[in-house]
Structure formats: structure tokens, C-alpha cells
Amino acid sequence: MNSEHKKILIRLAAGLCFLLAALLLPAEELFGEKYASFAELGLYLISYLIVGGDVLLRAIRNILHGQLFDENFLMSVATIGAFFLAEYTEAVAVMLFYQVGELFQSIAVSRSRSSIAELMDIRPDYANVEREGALSRVEPDDVKVGEIIVIKPGERVPLDGEIVEGESRLDTAALTGESLPRDAGVGDVIVSGAVNLSGVLRVCVTKLYGESTVSRILELVENAGDKKARAENFITRFARYYTPAVCGLALLLAVIPPLVFSLDWGAWVRRGLIFLVVSCPCALVISVPMSFFGGIGGASRRGILVKGSSFLEVLSKTDTVVFDKTGTLTSGSFTVVAVHPQSVSEEQLLEYAAYAESFSDHPIARSILSAHGKEIDRSRISRAGETRGHGVFAVVDGRTVVAGNAALMEGNGVGYHECHIAGTTVHIAIDGNYEGHVIISDMLKDDASRAVSELKALGVSTTAMLTGDMEQVAASVAKELSIDTYSSELLPEQKVEALERLLMGKRPKTSLAFVGDGINDAPVLARADVGIAMGALGSDAAIEAADIVLMNDRPSDIAVAVRIARKTMGIVRQNIWFALGVKVGVLVLAAAGIANMWMAVFADVGVAVLAILNAMRCLRLSE
Amino acid sequence: MKKTFKIKNLGCANCAAKMERRIKKLDGVDSASVSFMTSRLTIEADDERIEEIARKADSICRGIEPGCAVEL
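Protein chains in written order, with the numbering used here: chain A, 1 to 623; chain B, 1001 to 1072.
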């Protein structure tokens, strides 16, 4: 509760005192029979003005601004009407109840705003920068690329950079939702927003504050309100017609029965006034954006950034999930999984392969070199070269080593044979004789299989994989993860075509999500109903291209995101139906003469408060 | 160009919807969005006109909810 709220509370308490005075004071004894009713009315009016004076003022002001049918106006008309019907207690009490409800609502809104803001409290306050041999504390905005900053234990990393000195553990929970701290040492790239836990780090800044990870994430979350969900637009449009319509009904209800059927004016005007109170739109309008915001906040706590409520809506209807392979389902780092020599030993074959590949910086070459694991003695190599796209050759110890794919073997007239293991095969020939092959494969991520099975468990009917990799590799990955369909050996533009086909094949009113690592998938990410980029920590391209960004490298977070989206949509629907249901119910009861104004006020502010409390559930997701 | 402004004292969700509707109709605005939860106004319009539009948006917001103001 802030000071503004406290002031309102004090005012309402004062109003309540006057109301109680009017109710309980023995007016006849104090003022005499003649003036008793005037005194009572006076007390009621004082109480009414203390409690609802601001509502009256705002109503008048808004009418002057051409704003008809706003809440202040409706409440004013309803309560003044009650005064004219000589129902003083009800008039004051309803205004009081309305104001208490508004106060609750305002407190709930500011609470949830700040609790979500707390979740995203990753903004660094300062940076310790080394300038002219001394350490000075400056705004992160003032630090230039290439300067050295010092981060002490307990401090937040202010800018993206590379560690030049020191070792520590970093807590990235605020960025990724990952509670396990990461080890970081010299040469490691660290991202802003993480908290330094143990050691002092000297870091060379690589990005300006405005371009650093923390700024980008904050920008993304703060702009999340832009892309509004259909449910959100529906409810504001609905409110636009709902209020005038109910007001019209109120007028008809107050006038027609007494005029046409000569019924009691008082009773029917009263029913009309109740309609006016129920016609306030706020409970409906507030609950929907609140639920979505809760969902987006809850997701960001788990390291899932959603760029707008519309994407939660689309994600909740996901029935087809299409994966990229490399970097998404697999770790993207190649390792040697098998060495099959013809006549030499495994170690020797690997050594020849490593020497041949030692001048290449291709991922395949690097994986062979790391499998070999020993220093390369460059003096043993007299000549080396590369056949682009096919492989390499080198003269090692005077022997010509050729290492590469099947086409390279054929080109050199070497007889080779394929391997039964799926993966990238590097054939090796020495002096024109086939000496065997090395199989290199990309490792599946630990949770890749869980990601697929959890999505299936959530009712996703189709999983698919699109990859530029070879047929054999794609088939074995798809089989191991039990992915329904896959397309292999795709060029980037063919990926879009393959996705188009999947889009045509999906069931109506469901959506298709594409998950990629965001580096070369931008067109596909954009074409899918919802594009999800993985492992975005430090990758700007991914943050730009996708609708939903997973800060972690975990494919199983996709299922978490879908669950959050579904839960949020469930709460949105509950809130819409609950608010509408109560309002319609009270309208029907009021028309029948059963409802009173108390119920009408509950249908407005009471429902709003309950809907807000329900919306806050979006923040939490049970395991 | 897209520009985001903070709205002070935005307390009513229906008012936010009304503001959005009115600001969208302003001359020169390509798109506009008022987010109730983040209390933010995003306007997409021509570079030269954005300041002028923001001032108009400010008076719209003040008119709809008393005490409300766009931080220029």
C-alpha cells in the first residue's frame, strides 16, 4: 500500500464514521422531531461527499470532456438516483463499497506490477571501470567497448565482455531461470545481468550497454505489451458496446413498465439504477491483460521470453512442433564416435587423419584434432591443401594422406566402403590405398528425447524435424527421438518450402511452432505461426527473429512454454466467463426485482478483485 | 519510427483501451498501443512528427483519466 492508498483509506474511514452516525444517532432526541430527518439527510450527504466526492467531480469533468458512460458517471447517477428514492443508507453504502473495491483493485494492480517488475530486476546500477590506473564507479551507459571493468563478488555483471583475469562462479538465474551457477574463467564470455558469486573478475567490455544482453532482454520484456492477443482485443471491443447497451436497457427498464403497464415508478427506477452499476466494464477489461502479463512474467522467470500476449495465445494452440536439428536437438559440437581402420591401428589412423586436417578450421577437422588429443608436429607435414566441400590432403612423413568424403575418394580413384554407423564419414587414403574411415557425429542434447515425449504428452499431434544434414544422420536422430516426420539435406530456402508444406497439413485452428537456434533460421522462424529461438544467451540474431526466446539451451523448455501458455489461456477464459456470468446473472436478477445494489457493486468491483487474484496464478507453474 | 513513452498514474484498464483507440486515430500515426500492465505507450509514426503526436497523446490521456500523463 502506498501513501496514495493510505489517504484514500483514511477518507473512507471518515465517511464510514458519518454513515454510522447517521444510522445510530438518536436524531429525534438531539434535533427534535421537526429537524430530525433533515439532520439525518445532512449526515448522509456529508458521508456521501467524503466517500464519493472525487467520483462526482471526475464524472462532471469527464462529461465536459465528452466522455459519457464512464464508471464515475454511472456510479454517480446510480447513487444520486438512490438518494432521490430516499434510500440514503443504500446510496452511501454502495458508494463506499464501490470505493473500497476500487482501492483493493488499485492495490492489487500496483502489487502485481511491482512483483513482475521484481522478476525482471536484472538492471545493473553501476560499473567499476579501470581508468588512468584507478577504479571508478560509473553508469553502465558510460563504459566504452575495450575498457576494463572489475566485478567483485556479489555484484551484477554490468556489460557483456570477456574475462581477462580471475575465476568465479556466475549466477544466471535471473536471466535463464537456471539455478545452478556457472563456472567462468579467463577467456570466457560473460553476459550482463548475471551475478558474480565468488571471485573478483577483470573483464574486457565487448558491447556497449545499449547493445548488451541485459538491455535487449529488458527492452523485449517492456515491449511485450505491444502485440496484443485476440482475447485482449476482443474484451476491449466488447466493453465498448457492452456499457452503452446495458445503459440503454437500464433506461428502458426504468421507463417502459411504469409508463406502459402503470407499474410503480420507484421499484422500476431502482432496477434501472442497478443496471447502471452492473454496466461498468472495468472488471472485464482489467482481468485479461493482467492474466497475460502474469503469464509473460511467469515465463520470464523460467528463462522463457515471450514478445507479446498474442504469442502465448498462439502457442497454447500448438499442435505441430517443427525442430531444427543442429544446435536445437543436438549440441552442435561434433565428436568422433568411431574409428574403423583397414590395416593400421585405430590410433595410427586417427593420427594420420589429424595431421591431414591440422590446417583446416572446419568443425569436422577440429573434432578429429580433439579426438587425437596430441600436439601436431608441423615439421612432419611437407605439403597440405583443401578440396573445398570434399576434404583435405597433406604430405605427412613423405606419404600422401587424403581425407574426405566419398566423392573425394572416387576423384582419387580409391576404392572405399560405407559405414553402418550414422554420421559424417571421413574416408582416409594413404598413398592411394584405402586405410579406413572415421565417423563423426553430433551429440544429442541430454533432454532432447524428453522434450519430444513431453510435447507428445501435452497432446501435440505432430513433431517434425528439418535439417540440412545428411539423410542417414537425420533418419537416425528422428528414430532415436521418435520424431514423426523429417526432411533432410535441405538448403535454407528449401527449409521454408518444407515448412509451408507442414503448415498446409496441420489441423485447422491449431498452430505450428518452429524451434531453431536462430542463427540461420530467421526466414523459417518468421514463417511459422510462432517462432521459438533456443540458447539465445548472447545471440542477438535469435532475439531479433523469434517470437519466443528460450534463454537456455534446453529443448525441454518448449514443453514448459506450452504449459505456461495453456495455463494462461485457461485463466483468461475463466476470468472472461466468470465476470460475464456474474454480470449477466445480476442483470437478470435485477430485472426480476430480486437483486439489490449491493450485488450490483459486487458484480463490478468484487469480480474485478477476484479476477485479478486469479490472474496472479499465471505467475506460478507447478512442476 | 517506433517510440515508447511511459504513462504516469494509469490506473484504469478500460481507460487504457480508450486512450489506445483515440491515439490510433490521430493524424500521422501508423500504429499505437497502450499497455495497461506496463503503463507504456508505443507510437509508430514519422520521425519528424512523433514529438507532436506524443504531445497530442498526452492531452488525450489527461482527458480520459484525470492525473494521467505521458512522460515526454
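For every residue, glycine included, the Cβ atom is placed at its ideal position computed from N, Cα and C.
Ignoring anything shorter than 4 residues or poking outside the stretch 290–346 of chain A, list the alpha helix (DSSP H) runs there in chain order. Segments of the alpha helix (DSSP H) lying fully in the stretch 290–346 of chain A: 309–316.
Within chain B, partners of A:I286 - CB distance below 7 Å: What A:I286 touches in chain B: A1013.
Taking 8 Å as the cut-off, decide whether the C-beta atoms of A:I532 and A:L550 are in contact. In this structure, A:L550 lies closer than 8 Å to A:I532 by Cβ.
Please tell me whether A:V205 and A:I151 are closer than 8 Å, where the distance is taken between their beta carbons. In this structure, A:I151 does not lie closer than 8 Å to A:V205 by Cβ.
Under 8 Å between the Cβ atoms of A:I149 and A:L175? A:L175 sits away from A:I149, with the two beta carbons spaced by 8 Å or more.
I'd like to check one pair, A:I364 with A:A334: are the Cβ atoms closer than 8 Å? The amino acid at residue 334 of chain A is misidentified as Ala; the sequence shows Phe. With a cutoff of 8 Å on beta-carbon distance, A:F334 and A:I364 are scored as near each other.
Does B:S1033 come within less than 8 Å of chain A when only Cβ atoms are used? Yes, because at least one Cβ of chain A sits closer than 8 Å to the Cβ of B:S1033.
Between A:M95 and chain B, is there a C-beta pair that is closer than 8 Å? No, its Cβ sits nowhere closer than 8 Å to a Cβ of chain B.
Straight-line CA distance for A:A82 to A:A526? Approximately 57 Å, taken between the alpha carbons.
Residues of the stretch 1045–1059 of chain B with Cβ closer than 8 Å to any Cβ of chain A, in chain order: Contact residues of the stretch 1045–1059 of chain B toward chain A are absent (C-beta to C-beta distance below 8 Å).
Just the Cα atoms here: how many angstroms apart are A:E623 and A:G166? Interpretation of A:E623 is limited by its pLDDT of 47, a score under 50 that renders its predicted location unreliable; the figure taken from the coordinates is listed afterwards. Taking the straight line from one Cα to the other gives about 37 Å.
Quick check on this structure: which residue in A:S106, A:V143 and A:M409 has the alpha carbon closest to the alpha carbon of A:V426? Considering only A:S106, A:V143 and A:M409, the residue with the shortest C-alpha distance to A:V426 is A:M409.
B:F1036 bridges to which residues according to DSSP? Under DSSP, B:F1036 forms no beta bridge with any residue.
Rounded to whole angstroms, what's the CA-CA distance from A:L619 to A:Q472? Just pull it up for me. In this structure, the CA atom of A:L619 is about 43 Å from the CA atom of A:Q472.
Is the separation between the beta-carbon of A:I624 and that of A:V396 shorter than 8 Å? Nothing about residue 624 of chain A can be reported from this structure: the residues present for chain A run from 1 to 623 only.
Closer than 7 Å: A:Y35 CB and nearest the ligand SAM heavy atom: Among the components modelled here there is no ligand, and therefore nothing to report on the ligand SAM.
Does DSSP put A:D125 in a helix, a strand or coil? If DSSP states are grouped into helix, strand and coil, A:D125 belongs with coil.
Which residues in chain B have a C-beta closer than 8 Å to the C-beta of A:A592? List them in chain order. Under the 8 Å cutoff, chain B gives no residues; its nearest Cβ is about 28 Å from A:A592.
Could you tell me the boundaries of the beta strand (DSSP E) in which B:C1061 lies? Going by DSSP, B:C1061 is part of no beta strand (DSSP E) but of the alpha helix (DSSP H) stretching over I1050 to I1064.
In chain order, what residues of the same chain lie with their CB nearer than 6 Å to the CB of A:I296, ignoring the 5 residues before and after it? Excluding its 5 nearest sequence neighbours in each direction, A:I296 has C-beta neighbours in its own chain below 6 Å: A224 and V306, listed in chain order.
Given a cut-off of 8 Å on the beta-carbon distance, is the pair A:V51 and A:L96 in contact? Going by C-beta atoms, A:V51 is nearer than 8 Å to A:L96.
Within 10 angstroms of the Cβ of B:M1037, are there 16 or more other Cβ atoms? Answer buried if so, exposed if not. The residue is buried, with at least 16 neighbouring Cβ atoms inside 10 Å.
Kindly indicate which three-state DSSP category A:T243 falls into: helix, strand or coil? DSSP places A:T243 in helix when its eight states are reduced to three.
CB contact flag (A:A608, A:E454, <8 Å): A distance of 8 Å or more separates the beta carbons of A:A608 and A:E454.
6 Å CB neighbourhood of A:C280 in its chain, flanking five on each side removed: So the qualifying residues of the chain are E71, L74 and D604.
Per DSSP, A:E162 is paired with what? Bridge pairing for A:E162: A:V189 and A:C204 [DSSP].
Residue burial classification, A:V143 (beta-carbon count within 10 angstroms, cutoff 16): Under this definition A:V143 is a buried residue.
If I follow the unbroken alpha helix (DSSP H) through A:R399, where does it start and stop? From DSSP, A:R399 is part of no alpha helix (DSSP H) but of the beta strand (DSSP E) over R399 to G404.
So A:A528 is in the alpha helix (DSSP H); what residue range does that whole segment cover? A:A528 -> no alpha helix (DSSP H), and no H or E assigned at all.
When you check each C-beta in the stretch 259–286 of chain A against every C-beta of chain B, which residues fall closer than 8 Å? Hits within the stretch, in order: P281, C282, V285 and I286.
Would you list the one or two residues that DSSP bridges to B:K1002? Per DSSP, B:E1044.
Measure the alpha-carbon distance for A:D442 versus A:M534 and round it to whole angstroms. Approximately 17 Å, taken between the alpha carbons.
N-terminal and C-terminal residue of the alpha helix (DSSP H) that A:D557 is part of: For A:D557, the enclosing alpha helix (DSSP H) stretches over residues D557 to A591.
The stretch 406–422 of chain A touching the stretch 313–329 of chain A, judged by at least three CB pairs closer than 8 Å: No: the two stretches stay apart, fewer than three of their Cβ pairs being nearer than 8 Å.
To the nearest angstrom, report how far apart A:R450 and A:A579 are at their CA atoms. Going by the C-alpha atoms only, they are around 39 Å apart.
Three or more beta-carbon pairs under 8 Å between the stretch 1013–1024 of chain B and the stretch 127–146 of chain A, yes or no? Touching, no.
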